[in-house]
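Line by line, the protein sequences are chains A and B.
With my numbering applied, the first sequence covers 354 to 578.
With my numbering applied, the second sequence covers 354 to 578.
All C-beta atoms, glycine included, are put in the ideal place defined by N, C-alpha and C.
Shown next, in structure tokens, is the structure this report addresses.
2 protein chains.
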Amino acid sequence: MTAQAQETSHVPAGERPLRRDAERNRQRILAAAAQVFTERGLDATLDEVARAAGVGVGTVYRRFPDKEALVTALFRERIDNLVTVAEDACAAADPWQAFVSYLEHAAAAMAGDTGLRQLMMFGTYDRDQVCYARDRMGPVISRLVQRAQASGDLRGDFEATDVKMIAFMLASLAEYAGAVSPDVWRRYLALLIDGLRPSRGAASPLPVPAPTVRQLGELMRGQQR
Amino acid sequence: MTAQAQETSHVPAGERPLRRDAERNRQRILAAAAQVFTERGLDATLDEVARAAGVGVGTVYRRFPDKEALVTALFRERIDNLVTVAEDACAAADPWQAFVSYLEHAAAAMAGDTGLRQLMMFGTYDRDQVCYARDRMGPVISRLVQRAQASGDLRGDFEATDVKMIAFMLASLAEYAGAVSPDVWRRYLALLIDGLRPSRGAASPLPVPAPTVRQLGELMRGQQR
DNA sequence: ACAAACCGGAGGAACCACCTCCGTTAGGGG
DNA sequence: CCCCTAACGGAGGTGGTTCCTCCGGTTTGT
Numbered sequence: 354m355t356a357q358a359q360e361t362s363h364v365p366a367g368e369r370p371l372r373r374d375a376e377r378n379r380q381r382i383l384a385a386a387a388q389v390f391t392e393r394g395l396d397a398t399l400d401e402v403a404r405a406a407g408v409g410v411g412t413v414y415r416r417f418p419d420k421e422a423l424v425t426a427l428f429r430e431r432i433d434n435l436v437t438v439a440e441d442a443c444a445a446a447d448p449w450q451a452f453v454s455y456l457e458h459a460a461a462a463m464a465g466d467t468g469l470r471q472l473m474m475f476g477t478y479d480r481d482q483v484c485y486a487r488d489r490m491g492p493v494i495s496r497l498v499q500r501a502q503a504s505g506d507l508r509g510d511f512e513a514t515d516v517k518m519i520a521f522m523l524a525s526l527a528e529y530a531g532a533v534s535p536d537v538w539r540r541y542l543a544l545l546i547d548g549l550r551p552s553r554g555a556a557s558p559l560p561v562p563a564p565t566v567r568q569l570g571e572l573m574r575g576q577q578r
Numbered sequence: 354m355t356a357q358a359q360e361t362s363h364v365p366a367g368e369r370p371l372r373r374d375a376e377r378n379r380q381r382i383l384a385a386a387a388q389v390f391t392e393r394g395l396d397a398t399l400d401e402v403a404r405a406a407g408v409g410v411g412t413v414y415r416r417f418p419d420k421e422a423l424v425t426a427l428f429r430e431r432i433d434n435l436v437t438v439a440e441d442a443c444a445a446a447d448p449w450q451a452f453v454s455y456l457e458h459a460a461a462a463m464a465g466d467t468g469l470r471q472l473m474m475f476g477t478y479d480r481d482q483v484c485y486a487r488d489r490m491g492p493v494i495s496r497l498v499q500r501a502q503a504s505g506d507l508r509g510d511f512e513a514t515d516v517k518m519i520a521f522m523l524a525s526l527a528e529y530a531g532a533v534s535p536d537v538w539r540r541y542l543a544l545l546i547d548g549l550r551p552s553r554g555a556a557s558p559l560p561v562p563a564p565t566v567r568q569l570g571e572l573m574r575g576q577q578r
């Protein structure tokens, strides 16, 4: 789905470059892993990645010592990106818009990427990187919250830690309902946001229709588990 | 935690009653299973149940043909109970109170019972029973929603299917955060509910404090996975 | 054309959950 | 009180999964 131009071919200066076929396969593996992990999550086997890359498992393990190394290589950038999203939102002029836009972007990032979601929510793999990112985001989020409260747009009893809890709820929902209706989470974010005002007039319009009864049924049936 | 008086000792009329030790163990198993499944969820092994009951695995399997049978025996009543909760809520005079009270009771039931949560959210074990319950709750929930909308207390773009999605979100949160702060879900339910009014004045007070930064850290560290 | 680098994927090792089997224990009718 | 039998415990079989290794064969590039 995400066809990023993987710019990971830099040779660690001093080591022989990979043979042409090896480098080609390396790229295929990274691309396949990106797709498989974002779509099916970190539970996906390296065998699956190999199959998706049109390559043998051995080839994957020759390039990346183990699963964690591959995951780390893939997600470093995306995790950093979460911090950037927070900082960018902070830059917006309107405090309330800044706050809302951050919630939306953060949730969207998690909702569209099962692997990233698992990385942030549970500490599977690469915990240090994740902790570092969280530490960097903390202050930024606090500022977003304080500004929105100072301008009187955000209820006073809201706290910075609530942001992560909300992100978690929406991410869970996205994981559960994603197969049937990838965007429903936006509907419930909208409801929540209406709950975050100190007071308000008319309800804001909901961006996504409610799931149908049929969809609800598919959901439970689909989850096998 | 829940020390229900298990009234499951009725002899199926025509079969010899169990020997005294056998009956005692049967009760121990049911009690232990109730505790283990509500606390740790349906992933718990029957070996765990046996250990908690102070009994060998063989004894468990002699009384219940397999894991599913035990789960079914245990949760039938609790699932039925969910329907009753909906019907009871329906009986309240104030439509908005009825609606809110249902949301709260349903979420509370799931939040306090990992096994029930998994049963309702994913179709593990006993799907028929669950589907039957869902079918019975459907109309009741619709009525709750319609009444609350007719009285002008609930925003018009809310739909009956939203109830289950919200229950799911809160249940996920409860599962994630339950170890650290079993009641946080109430905070977010309160936020959501404030978002469900067509319009409103001051925000209603939040029933639970936000998690502390420390708690948030524990959460991620605790989830191992 | 030859050596070094690389490939594929069968399969080993470790793990886990469910369940079975059988030598041993203990209830309770006679 | 004795003995038959129901019931017990828990070691271990079975099947399934995931991570990773190994080696006979292939490709590359000099």
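According to DSSP, which residues form a beta bridge with residue i?
i      : result
A/R553 : B/R553
Would you mind giving the Cβ-Cβ distance between residue i and residue j, rounded to the nearest angstrom? I have them listed as a contact below 8 Å.
i      : j      : result
A/V493 : A/A439 : 4 Å
B/T514 : A/L469 : Not a contact, Cβ separation roughly 28 Å.
A/L497 : A/A462 : Rounded, the Cβ-Cβ distance is 16 Å, inconsistent with contact.
A/L526 : B/F521 : 6 Å
A/I519 : A/L545 : 6 Å
B/R508 : A/A556 : 4 Å
A/A503 : A/P448 : 7 Å
B/S552 : A/G554 : 5 Å
A/T437 : A/D479 : So it is not a contact: roughly 18 Å between Cβ atoms.
A/Q482 : A/I432 : 6 Å
B/R539 : B/P560 : 5 Å
Kindly say whether residue i, judged by its beta-carbon, lies nearer than 8 Å to any beta-carbon of chain B.
i      : result
A/A503 : no
A/P564 : yes
A/D547 : yes
A/G554 : yes
A/V561 : no
A/L544 : yes
A/R312 : This structure leaves residue 312 of chain A out entirely; chain A is present only between 354 and 578.
A/R574 : yes
A/A358 : Low per-residue confidence applies at A/A358: pLDDT is 40, beneath 50, and the placement is therefore not dependable enough to give any value.
A/A486 : no
Using beta carbons (cut-off 8 Å, strictly below), is residue i in contact with chain A?
i      : result
B/D481 : no
B/E512 : yes
B/P551 : yes
B/L569 : yes
B/M333 : No information on residue 333 of chain B is available, as it lies outside the stretch 354 to 578 that chain B covers here.
B/L451 : Strictly speaking, residue 451 of chain B in this sequence is Ala, with Leu absent from that position. False, the Cβ-Cβ gap to chain A never drops below 8 Å.
B/M490 : no
B/R470 : no
B/R508 : yes
B/M354 : Note that B/M354 has pLDDT 42, beneath the 50 cutoff, so the model's placement of it is unreliable and the number below is only indicative. Output row for B/M354: interface = no.
If you measure beta-carbon to beta-carbon, which residues of the stretch 516–542 of chain A are closer than 8 Å to chain B?
K517, M518, I519, F521, M522, L523, S525, L526, Y529, A530, V537, R540, Y541
Complete alpha helix (DSSP H) runs within the stretch 478–507 of chain B (minimum length 4 residues, chain order) | 480–503
Practice item. Note down, in chain order, all residues in the stretch 366–397 of chain B with a beta-carbon under 8 Å from any beta-carbon belonging to chain A. Key: none
Please name the residues in the stretch 396–429 of chain A whose beta-carbon is closer than 8 Å to at least one beta-carbon of chain B, in chain order. Those residues of the stretch 396–429 of chain A that come within reach of chain B (Cβ to Cβ, closer than 8 Å) do not exist; the list is empty.
Length at least 4, wholly inside the stretch 360–405 of chain A: the alpha helix (DSSP H) runs in chain order: 373–393
Self-check item: 4-residue-minimum alpha helix (DSSP H) runs that sit fully inside the stretch 401–485 of chain B, ordered along the chain
Solution: 410–416, 420–444, 448–464, 467–474
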